[in-house]
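Everything on this sheet refers to the single structure shown next.
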Amino acid sequence: MSDTTTITNILTVVLLLTGAFFMLAGTIGFLRFPDFYSRMHATGKCDTLGEGLMLVALIVYGGATFVSVKILFLIAFILLANPTSTHAIAKAAYDVGLEPWRSFDSEEVAWLNTSDGDTDNTGSTGEDGGEGR
Amino acid sequence: MTGASLFGIEMVNVFLAMAILIVIASFVSLYRGIEGPGIFNRIIAVNVIGTKTIVLLVLIGFIYERPDFFDIALVYAILNFIMTIAATRY
Numbered sequence: 012m013s014d015t016t017t018i019t020n021i022l023t024v025v026l027l028l029t030g031a032f033f034m035l036a037g038t039i040g041f042l043r044f045p046d047f048y049s050r051m052h053a054t055g056k057c058d059t060l061g062e063g064l065m066l067v068a069l070i071v072y073g074g075a076t077f078v079s080v081k082i083l084f085l086i087a088f089i090l091l092a093n094p095t096s097t098h099a100i101a102k103a104a105y106d107v108g109l110e111p112w113r114s115f116d117s118e119e120v121a122w123l124n125t126s127d128g129d130t131d132n133t134g135s136t137g138e139d140g141g142e143g144r
Numbered sequence: 590m591t592g593a594s595l596f597g598i599e600m601v602n603v604f605l606a607m608a609i610l611i612v613i614a615s616f617v618s619l620y621r622g623i624e625g626p627g628i629f630n631r632i633i634a635v636n637v638i639g640t641k642t643i644v645l646l647v648l649i650g651f652i653y654e655r656p657d658f659f660d661i662a663l664v665y666a667i668l669n670f671i672m673t674i675a676a677t678r679y
């Protein structure tokens, strides 16, 4: 095994681990943040960055082949499409009238006014969202 | 590309561990998609799981040495984007 292969593998593993960290951070933020908008803040950035880093790691591992060009197109499309879809979801939620989350001791709790439709668990979701479950 | 190893660890096993980690993260996102209040949490859960699935498809393409999966990942990315835009325009 030559030195170049070793350096390539080390770079691949480091980029993969960094991407996995960002992806896990986005997932934990998606699970634990109290509001829809802050959840979208977590997932929109962390998922895009983690995915880009993992795909860059696979480009480094694969070398300069046709497959790498294909993954490069995939990265370019994701960097275009993922913020666009996040912006579209946020604008749709704002147009519907979903209010941002204010604080814990606010009188009107914002996420109780979501356009869900099922009202059987809205009393407990406020507590669950606040407690992080 | 085959049989590459780093400090005694096969690179295929590293990719396999990353794939398992992405699957676990997808299931954690699926919890928010099922439980989360509001339709928008569910839309963004589907979006997050879709973007994780793209990386999972590329990793599977590298694990099994089959370049067909990259085309599937590209088509899946386009479908995911169009599905999200259509769901927000609804």
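Residue numbers (my numbering), protein chains in the order written: chain A, 12 to 144; chain B, 590 to 679. Ideal Cβ placement from N, Cα and C applies to all residues, glycine included.
Buried versus exposed call for B:I623 [16 or more other C-beta atoms within 10 Å across all chains shown]:
exposed
Chain-ordered neighbours of B:T642 on chain A, where CB pairs are closer than 9 Å
Here the premise fails: no neighbours, minimum Cβ distance about 10 Å.
Just the Cα atoms here: how many angstroms apart are B:I652 and B:F616?
21 Å
Which chain A residues are close to B:I609, counting only those with a beta carbon under 9 Å from its beta carbon?
None at all; the shortest Cβ gap to chain A is about 11 Å.
In the DSSP assignment, find the alpha helix (DSSP H) that holds B:F659 and state where it starts and stops.
Here the alpha helix (DSSP H) through B:F659 covers D657 to R678.
Tell me which residues share the same chain as B:V644 and place their Cβ nearer than 7 Å to its Cβ, disregarding the 5 neighbours each side in the sequence.
I611
According to DSSP, residues forming a beta bridge with B:E624:
Bridge partners of B:E624: none, in fact.
In chain B, what lies closer than 8 Å to A:L69 by C-beta?
V647, L648 and F651
Who are the Cβ neighbours of A:D19 in its own chain at under 7 Å, not counting the five residues just before and after it?
Here residue 19 of chain A turns out to be Thr, not Asp, going by the sequence shown. Around A:T19: V71 and Y72.
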